[in-house]
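Per our numbering: the sequence shown = residues 6 to 138.
Every residue gets a Cβ at the ideal spot worked out from N, C-alpha and C, and that includes glycine.
Model, not experiment: these values are computed from the prediction.
A short write-up of the structure that comes next.
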Amino acid sequence: MRPVSLDIANYLQDQSVGTIGTDIFVGYMPDTNEISNNVIAIYDTGGGDPHWDELNFVERYPTFQIAIRNNQYIAGYNRIETVRSTLNNLTDHTATDSRYLVLHAKSDILYAGVDDKGRHIFTLNFRTIRTDS
């Protein structure tokens, strides 16, 4: 089973929110070029206890975090709002080897301040119900 973060990155790319490896990254937020001033990073953050059925997972409850970094406050906020509206309440989505029964934000947008280069950081946390497809 693939990481939730990779499935989410692919979904965001499919919805034209960004491009994996250009401005969408899984597990890290690069800081190596001009594009790194406007990026989305997706992190797997654990989740709740899975539901078991005779030693097999029936449902998993993973969580993940979206982080946005942008030179401009309003542009960064608007980008994470686009991600929120794209992902929040997504239902019955199949991705490679998983089916997502539901996906929703478990917090509102959090402004985390600026990094050492003055770029604005926003985060948003999600939870999902996931089964094998």
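Pull up the DSSP beta-bridge partners for residue i, would you.
i	result
E64	H56
Y48	Q70
T99	R104
N130	Q70
V31	I47
A110	F131
Please state the DSSP three-state secondary structure of residue i.
i	result
I40	helix
R135	strand
G118	strand
V88	helix
V9	helix
N75	strand
Would you mind giving the Cβ-Cβ distance between residue i and residue j, rounded to the nearest angstrom? I have them listed as a contact below 8 angstroms.
i	j	result
G103	D49	It should be pointed out that residue 103 corresponds to Ser in this sequence rather than to Gly. So it is not a contact: roughly 13 angstroms between Cβ atoms.
I114	F127	6 angstroms
Y16	H125	Contact doesn't hold; Cβ gap of about 24 angstroms is too wide.
R7	T101	6 angstroms
Which residue's Cα is closest to the Cα of residue i: the options?
i	options	result
I47	V31, P55 and D12	V31
Y105	S90, K122, V63 and G118	V63
N94	K122, T87 and V107	V107
D19	H109, L92 and P8	L92
D36	D121, E59 and T24	D121
R145	A100, T101 and A72	This structure gives no information on residue 145, because the portion of the chain shown stretches from 6 to 138.
I134	G118, G51, T27 and G26	G51
The ligand ZN and residue i: does any heavy atom of the ligand fall closer than 8 angstroms to the residue's C-beta?
i	result
D36	In terms of ligand content, the structure shown is empty, and the ligand ZN therefore cannot be addressed.
Practice task
Count the CB pairs spanning the region 31–48 and the region 65–76 that are closer than 8 angstroms, and state whether there are at least three.
Solution key: yes
Practice task
Specify whether the region 79–98 and the region 51–68 touch according to this definition: at least 3 beta carbon pairs, one from each stretch, less than 8 angstroms apart.
Solution key: The region 79–98 is not in contact with the region 51–68.
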